[in-house]
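Colleague: Here's a structure for you.
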Amino acid sequence: MDLLALVELINADQLYFLGDLIDRGPDSNKVVEFVKSHDHTCLMGNHEQMMCHAFPPNQATDPWFLQMWLGAGGRDTLESYHDPEQLQAHVEWLHTLPLYLDLGDLWLVHAGLDPTRPPEAQTEREFCWIRNEFHQAQEPYFADKLIVTGHTITFTFKGVSPGQLAQGPGWLDIDTGAYHPKSGWMTALDIDQKQVYQVNVFDHDSRICSLAEATDWIDTRTKRHWLFF
Numbered sequence: 001m002d003l004l005a006l007v008e009l010i011n012a013d014q015l016y017f018l019g020d021l022i023d024r025g026p027d028s029n030k031v032v033e034f035v036k037s038h039d040h041t042c043l044m045g046n047h048e049q050m051m052c053h054a055f056p057p058n059q060a061t062d063p064w065f066l067q068m069w070l071g072a073g074g075r076d077t078l079e080s081y082h083d084p085e086q087l088q089a090h091v092e093w094l095h096t097l098p099l100y101l102d103l104g105d106l107w108l109v110h111a112g113l114d115p116t117r118p119p120e121a122q123t124e125r126e127f128c129w130i131r132n133e134f135h136q137a138q139e140p141y142f143a144d145k146l147i148v149t150g151h152t153i154t155f156t157f158k159g160v161s162p163g164q165l166a167q168g169p170g171w172l173d174i175d176t177g178a179y180h181p182k183s184g185w186m187t188a189l190d191i192d193q194k195q196v197y198q199v200n201v202f203d204h205d206s207r208i209c210s211l212a213e214a215t216d217w218i219d220t221r222t223k224r225h226w227l228f229f
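At the far end of the sequence shown sits residue 229, using the UniProt record's numbering, and the numbering has no gaps.
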């Protein structure tokens, strides 16, 4: 909410979420309810995908996917629900989330795409999970679109400082790792004004700067750093 206050939205503004609303803290149900009730656009992230596989529509809970999801942060999410009807309503809504959004000169997706295949041949795995194959591509996927993603924390790219965005050929990663103690920065991007808004969830610092100032270009030939807590 601090980040939304910093952005100062007006009624005409459209808000897009790149996925992973859940599994990062004790209030996931409130986050989902906020986005759902305000009719904001949200993409399917890998954490929503895991929850959806754990609770398939019109079927019993899948124990294998449930355990996988619980181990990836889903336990906190599940414990945030005290009303079974709200849980059911949210699961049904999560199943409707799109995998990507084409905005003309921008293409929004949670993780990325397989650079060897056209969009129609991609699967949930690519849209929600892909990393290295996408980030190490030497040429832009689209000639006329910038792909904006989350999923991969930006400081895991060599040369990118915590809180900075990461950019490669034809793509921009805005996941600055709000939950991670090395960063804490949560990021919003004003697409039209090319302005970046950030709030730190740990020390509550905030900053506003241009997209150019907030972005580090990466060398696609280098490997990312592994995360350790």
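All C-beta atoms in this analysis are idealised placements derived from N, C-alpha and C, irrespective of residue type, glycine included.
#1: Can at least three beta-carbon pairs, one atom from the region 52-66 and one from the region 99-113, be found at a separation below 8 Å?
#2: Check whether the Cβ atoms of G150 and G19 lie closer than 8 Å to each other.
#3: Measuring alpha carbon to alpha carbon, tell me which of W129, L87, F34 ends up nearest D114.
#4: Only counting runs of 4 or more residues, tell me where the alpha helix (DSSP H) segments fall wholly within the region 87-159, in order along the chain.
#5: Using 8 Å for Cβ pairs, my map puts L15 next to L6. What's the rounded Cβ distance?
#6: Is it buried or exposed, D190, if we count other Cβ atoms within 10 angstroms and call 16 or more buried?
#7: Considering Cα atoms alone, identify which of F65, N46, L66 is closest to V109.
#8: What number of angstroms, rounded off, separates the C-alpha of R221 from the C-alpha of K158?
#9: From N200 to S161, what distance separates their C-alpha atoms?
#10: Which partner residues does C209 have in the DSSP bridge list?
#11: Using DSSP's beta-bridge definition, name the partner residues of Q167.
#12: Decide if T61 is buried, meaning its Cβ has at least 16 other Cβ atoms within 10 Å, or exposed.
#13: When burial is assigned at 16 or more other CB atoms within 10 Å of the CB, is T215 buried or exposed?
#14: From the DSSP secondary-structure annotation, give me the bridge partner or partners of A188.
#15: Taking S183 as the reference, give the member of H204, L172, D13, L78 with the closest Cα.
#16: Leaving out the 5 sequence neighbours to the left and right, which residues in its chain are closer than 7 Å to G73 when beta-carbon positions are compared?
#17: Please determine if the region 69-87 and the region 28-45 are in contact, where contact requires at least 3 C-beta pairs separated by less than 8 Å.
#18: Taking the alpha-carbon of T176 as reference, which of D39, E124, T154 has the nearest alpha-carbon?
#19: Given that a residue counts as buried once 16 or more other Cβ atoms are within 10 Å of its Cβ, and exposed if not, what is C209?
#20: Would you call M50 buried or exposed, if buried means 16 or more other Cβ atoms sit within 10 Å of its Cβ?
#21: Which same chain residues end up closer than 8 Å to P17 when comparing Cβ atoms and leaving out the 5 residues on each side of it in sequence?
#22: Within the continuous alpha helix (DSSP H) that includes R75, where are the two ends?
Modeller: The answer reads as follows:
#1: no
#2: If you number the sequence shown from 1, residue 150 lands on position 150. If you number the sequence shown from 1, residue 19 lands on position 19. Against a cut-off of 8 Å, the Cβ pair of G19 and G150 comes out as a contact.
#3: Stepping through the sequence shown from its first residue, residue 114 is reached at position 114. Minimum Cα distance to D114 is reached at W129.
#4: 124-129, 132-135
#5: One-based indexing of the sequence shown puts residue 15 at position 15. One-based indexing of the sequence shown puts residue 6 at position 6. L15 to L6, Cβ: 13 Å. No contact.
#6: As a first step, residue 190 is located in the sequence shown; it is residue number 190 there, counting from the start. So D190 ends up on the exposed side.
#7: The count along the sequence shown starts at 1 and reaches residue 109 at position 109. Closest by alpha carbon: N46.
#8: Working through the sequence shown from its first residue, we reach residue 221 at position 221. Working through the sequence shown from its first residue, we reach residue 158 at position 158. Per the coordinates, the alpha-carbon of R221 lies some 10 Å from the alpha-carbon of K158.
#9: Indexing the sequence shown from 1 puts residue 200 at position 200. Indexing the sequence shown from 1 puts residue 161 at position 161. Spanning the two alpha carbons is a distance of roughly 14 Å.
#10: In the sequence shown, counting from the first residue as 1, residue 209 sits at position 209. Answer is V196.
#11: By one-based count along the sequence shown, residue 167 stands at place 167. Beta-bridge partners of Q167 (DSSP): L172, W217.
#12: Along the sequence shown, read from residue 1 onward, the residue named residue 61 stands at position 61. Counting Cβ neighbours within 10 Å, T61 comes out exposed, since fewer than 16 surround it.
#13: Mapped onto the sequence shown, residue 215 falls at position 215. Under this definition T215 is a buried residue.
#14: Start at 1 with the first residue of the sequence shown, and residue 188 comes out as number 188. Answer is Y197.
#15: Start at 1 with the first residue of the sequence shown, and residue 183 comes out as number 183. Minimum Cα distance to S183 is reached at H204.
#16: For this step, residue 73 is matched to residue 73 along the sequence shown. Contacts found: D23, R24, H47.
#17: Yes: the two stretches touch, three or more of their Cβ pairs being nearer than 8 Å.
#18: Reading the sequence shown from its first residue, position 176 is the one you call residue 176. Checked all of D39, E124, T154; the closest Cα to T176 is T154.
#19: In the sequence shown, residue 209 corresponds to position 209, counting from 1. Under this definition C209 is an exposed residue.
#20: Sequence index remark: in the sequence shown, residue 50 carries index 50 (1-based). By the neighbour-count rule (16 or more Cβ atoms within 10 Å), M50 is buried.
#21: As a working note, residue 17 is residue 17 in the sequence shown. Inspection of the sequence shows that residue 17 is occupied by Phe rather than by Pro. Within the same chain, F17 has close Cβ partners V35, H40, T41, C42, L43.
#22: Residue numbering aside, residue 75 sits at position 75 when the sequence shown is read from its first letter. Per DSSP, the unbroken alpha helix (DSSP H) holding R75 starts and ends at 75-79.
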